[in-house]
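Student: Have a look at the structure that comes next, please.
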Amino acid sequence: MSNKLSSSVPTDREVVLGILNDSEDTLNKLYTGYFPMVLQFILNNNGDEDDAKDVYQEGIIVLYNKIKGGNFELSSKLKTYIYSVCRRIWLKKLSQESRKTNNISDFEDIMAVEVDLEQHEEKDQQFDKMNDALLHLGEPCKTIIQDFYINGLSMQDICEKFGYTNTDNAKTQKYKCLQRLKKLFFQV
Amino acid sequence: MRNEIELEGIIEDYLNGKLSETERVAFEQLRKTDPVVDHKVVAHKVFLESMGDYANIMDLKAKMDRAHAEIDVDTLTETLRPHPSYFVNIWRKNKAAIGVAASFILLTIVTVYSIQQNTKQIGSVELVSRELTKIKNSQSSLIRIINSKNTPKDVKPANFGGTGFALTANGYLLTNLHVVDGADSVYVQDNKGESYKAKVVRTDSQYDLAILKIIDPSFSPLSNLPYRLKQNGIGMGDVVYTFGFPKDDTVFGQGYVSSKTGYNGDTTQYQVAIPVNPGNSGGPLFDHQGNIIGVISAKEKQVDGATFAVKSKYIQEALNSIPNDSLGKKVAFNKRNSLQGLSRNKQLEKIQDYVFMIKVYK
């Protein structure tokens, strides 16, 4: 009794090409296309819609990293891959939270995705470390670092945004922040 | 401090590939000579990569959140959430198991049904005594008149016919009870066409057997019986043959034991695959060595080649139950089987003198 996915899902090739080209349109279509499938799985296996969102987004990240990593081969349907990854993630979460699922209700075919998920977990740890480090960094350092490294602002922009008298002061401030962040990041 | 900041800037420019060619060569030289600088470069590289990954994922998450906001999650949740009905849930969760169970039950029903169909033999038993037709009889009695040295005492055509075989040399014959049941008079005819009057001396309704005695004064005792009664050791697939009078001459029929039980599992009978016709009733059933292993008694209607024969064990029982004095002399089969090792047609040649057509007048 798999509910028919209403929205039009791009073909698997389109998705892969779209991800490689950073197409936000493809991402949107992909995201809306397969979300009901994962939502149905989570809802029927002791989860709610927020769980579904977290698990699904993590699943999409796994897919992204795999495609971006360049070693993605379409050995099965993308749908099966996403479903299997999300299923694995959710079952792991359930066991971590020791929430019980006696009988897993499945709605799709399943394939083996354990290797991909191990790689993903390593990356995820790095992500969490960075996230923690940034959280502990505090303001204004966090914003300065994010503006410079993530949002790609120049030192000149940062100088103006934060009202430093000259870029050297801004550079010094950024240097100090960076040192602290590195310390936090490598120490954890 | 100042130098540190500059070094950091240079490292970053170096990793981002922003240094000019000469600067790059000079910096790489510095890396080689100064391990502290080299370590800083490596550490910063790892850091930048992590930062890059972090940035990518944050970006992706932001995009996904935007996409998520487009989805009407509440409606979807409502349609996709587990059905409140207990039975629907059971069905959804155990679809496969229920399917397997259902097909198993279906299969079982079909199997049991077909087994019942098989074990319950549909056809009813048809006793293979022969109702002789007038025309055939008038012909056969003509032939008999020509061939016969004695004028038959009864010129009336017989109503019913069957087959019988000699139990003793002095004129005791065995046939089926249903052949002679209710008979006014019984005549037996040998293969030369001689008819002799006989009387029923013993019946056994349980095994459908009857013992006749030739009482005709013109009957001269036979020579020693060539066959003997074999009571056990008959298995499925053994080649067997019979000899009888479905018409006015002996007819040979060969087949094999197809089941060790008879109609509806009757253990007193064999089922043999031999085509028989009315008139074969009471005929002897021989194994390939010429031992008597049974008496043809019936066949199944609507089923081809399912013939039933009373087992020889019950022939012996029937014989044993007869008091010695009623037979006058103890009925004893030859211990020796002179047919053993002979070819089939030699066996038949010898046997045919001991197999009689039973003619019954009712």
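So the protein sequences, as listed, match chains D and P. At position 151 of the first sequence the residue is numbered 151 (the UniProt record's numbering), and the sequence of numbers has no breaks. At position 263 of the second sequence the residue is numbered 263 (the UniProt record's numbering), and the sequence of numbers has no breaks. Beta carbons are placed, not taken as given, at the ideal position from N, Cα and C, and that holds for glycine.
1. Between F72(D), V15(D), N44(D), which lies nearest to E78(P) when the distance is taken from Cα to Cα?
2. Buried or exposed: where does S220(P) fall if 16 or more other Cβ atoms within 10 Å of its Cβ makes it buried?
3. With 7 Å as the threshold, decide whether the Cβ of E37(D) is near any Cβ in chain P.
4. In the segment 66-85 of chain P, which residues sit with their C-beta less than 7 Å from some C-beta in chain D, listed in chain order?
5. Any beta carbon from chain P within less than 7 Å of M155(D)'s own beta carbon?
6. When DSSP builds the beta bridges, which residues end up paired with F165(P)?
7. Give me the chain D residues within the contact set of I5(P), using Cβ-Cβ distance strictly less than 7 Å, ordered along the chain.
8. What is the DSSP secondary structure of Y14(P), counted as helix, strand or coil?
9. Taking the continuous beta strand (DSSP E) assigned at D287(P), which residues delimit it?
10. Check each residue of the UniProt domain "RNA polymerase sigma-70 region 2" (30-99) of chain D: if its Cβ is closer than 7 Å to any Cβ of chain P, include it; give the result in chain order.
11. In angstroms with no decimal places, state the Cα-to-Cα distance between E194(P) and T250(P).
12. Could you tell me which uninterrupted beta strand (DSSP E) segments, each at least 3 residues in length, are contained entirely in the segment 204-256 of chain P, listed from first to last along the chain?
13. I need the straight-line Cα distance from L142(P) to N159(P), nearest angstrom please.
14. Grab the span of the alpha helix (DSSP H) containing I82(D) for me, first residue to last.
15. Since V239(P) and Y256(P) should fall inside the 8 Å C-beta cutoff, what is the C-beta to C-beta distance between them, to a whole number of angstroms?
16. What three-state label does DSSP hand S259(P) in the structure shown?
17. Could you please give me the residues that DSSP links to T167(D) through a beta bridge?
18. Would you please verify whether the beta carbon of S6(D) is less than 7 Å from any beta carbon of chain P?
19. Give the DSSP-derived three-state secondary structure of K32(P) in the structure shown.
20. Nearest chain P C-beta to S2(D) closer than 7 Å, yes or no?
21. So with Cβ pairs under 7 Å, would you call Q119(D) a contact of chain P?
22. Which class does T267(P) belong to by DSSP, given the choice of helix, strand or coil?
23. Is it the case that the segment 256-271 of chain P contacts the segment 296-309 of chain P, given that we only count it when at least three CB pairs across the two stretches are under 8 Å?
24. Would you call the segment 47-63 of chain D and the segment 80-88 of chain D touching, i.e. three or more CB-CB distances under 8 Å?
25. Evaluate Q96(D) with the Cβ neighbour count: other Cβ atoms within 10 Å of its Cβ, from every protein chain shown; 16 or more gives buried, anything less gives exposed.
26. With contact counted as at least three CB pairs below 8 Å, one residue from each stretch, are the segment 20-40 of chain D and the segment 69-77 of chain P in contact?
27. Report the neighbours of N166(D) on chain P: residues whose CB is nearer than 8 Å to its CB, in chain order.
28. Residues in the segment 48-60 of chain P with C-beta within 9 Å of chain D's C-beta atoms, listed in sequence order?
29. Between the beta-carbon of residue 383(P) and the beta-carbon of S205(P), is there less than 7 Å?
30. Cβ closer than 8 Å: which chain P residues qualify as neighbours of F162(D)?
31. Under a three-way DSSP split, which group does A69(P) fall into?
32. To the nearest whole angstrom, what separates the beta carbons of G279(P) and G161(P), a pair I think is in contact under 8 Å?
33. Could you name the residues of the same chain whose beta carbon sits closer than 8 Å to that of S148(P), not counting the 5 residues immediately before and after it, in chain order?
34. Measuring only between beta-carbons, confirm whether I10(P) sits less than 7 Å from chain D.
35. Please check if any C-beta of chain P sits within less than 7 Å of the C-beta of Q126(D).
36. Which of helix, strand or coil does DSSP assign to A318(P)?
Tutor: On the basis of the supplied data:
1. Comparing Cα-Cα distances from E78(P) to each of F72(D), V15(D), N44(D), the minimum goes to N44(D).
2. Exposed, because fewer than 16 other Cβ atoms sit within 10 Å of the Cβ of S220(P).
3. Sequence check: residue 37(D) is Met here, not Glu. M37(D) does not count as touching chain P.
4. Cβ proximity to chain D below 7 Å picks out A67, H68, E70, I71, V73, L76, T77, T79, L80, R81, P82 from the segment 66-85 of chain P.
5. Using a CB distance cut-off of 7 Å, M155(D) does not count as an interface residue toward chain P.
6. F165(P) is bridged by DSSP to L174(P), V355(P).
7. When 7 Å is used as the limit between beta carbons, I5(P) is near these residues of chain D: K171, T172, Y175, in chain order.
8. Secondary structure at Y14(P): helix, using DSSP grouped into helix, strand and coil.
9. That run of the beta strand (DSSP E) goes 284-287.
10. Listed by position, the residues of the UniProt domain "RNA polymerase sigma-70 region 2" (30-99) of chain D near chain P (Cβ gap below 7 Å) are Y31, T32, F35, P36, L39, Q40, L43, N44, E49, K53, Q57, I60, I61, Y64.
11. One C-alpha to the other measures close to 14 Å.
12. Runs of the beta strand (DSSP E) lying entirely within the segment 204-256 of chain P, each at least 3 residues long, are 209-214, 239-244 in chain order.
13. In this predicted model, L142(P) has a pLDDT of only 36, less than 50, meaning its place in the structure is not dependable; the value taken from the coordinates is given anyway. About 16 Å.
14. Membership of I82(D) in the alpha helix (DSSP H) is indicated by the continuous run 78-96.
15. The Cβ separation is near 5 Å, so the contact holds.
16. Of the three classes helix, strand and coil, the one that applies to S259(P) here is strand, per DSSP.
17. The partner list for T167(D) (beta bridge, DSSP) is empty, contrary to what the question assumes.
18. Low confidence applies here, because S6(D) scores a pLDDT of 45, under 50, leaving its location unreliable; read the following figure in that light. With 7 Å as the cut-off, S6(D) does not count as an interface residue toward chain P.
19. Shown here, K32(P) sits in a helix according to DSSP, grouped into three states.
20. Interpretation of S2(D) is limited by its pLDDT of 41, a score under 50 that renders its predicted location unreliable; no figure is taken from the coordinates.
21. Not one chain P Cβ lies under 7 Å of Q119(D).
22. Annotated three-state conformation of T267(P) is coil, per DSSP.
23. Two segments are said to touch when three or more pairs of C-beta atoms, one from each, lie closer than 8 Å; by this definition the segment 296-309 of chain P touches the segment 256-271 of chain P.
24. Inter-segment contact for the segment 47-63 of chain D and the segment 80-88 of chain D is present: three or more beta-carbon pairs are separated by less than 8 Å.
25. Residue burial annotation: Q96(D) is exposed, with fewer than 16 other C-beta atoms found within 10 angstroms of its C-beta.
26. Short answer: they touch.
27. Under the 8 Å cutoff, chain P gives no residues; its nearest Cβ is about 13 Å from N166(D).
28. Using a CB distance below 9 Å, the part of the segment 48-60 of chain P facing chain D consists of L48, E49, S50, M51, G52, D53, Y54, A55, N56, I57, M58, D59, L60, ordered along the chain.
29. Residue coverage of chain P in this structure runs from 1 to 362, which leaves residue 383(P) outside it and unanswerable.
30. Near F162(D) there are no residues of chain P at all, since even the closest Cβ is about 17 Å away, more than 8 Å.
31. In the structure shown, A69(P) falls within a helical segment according to DSSP collapsed to helix, strand and coil.
32. Rounded, the Cβ-Cβ distance is 5 Å, consistent with contact.
33. Unreliable placement is indicated for S148(P), whose pLDDT of 40 sits below 50; no coordinate value is reported for it.
34. So no, I10(P) is outside the interface.
35. The C-beta of Q126(D) comes closer than 7 Å to at least one C-beta of chain P.
36. Three-state result, A318(P): helix.
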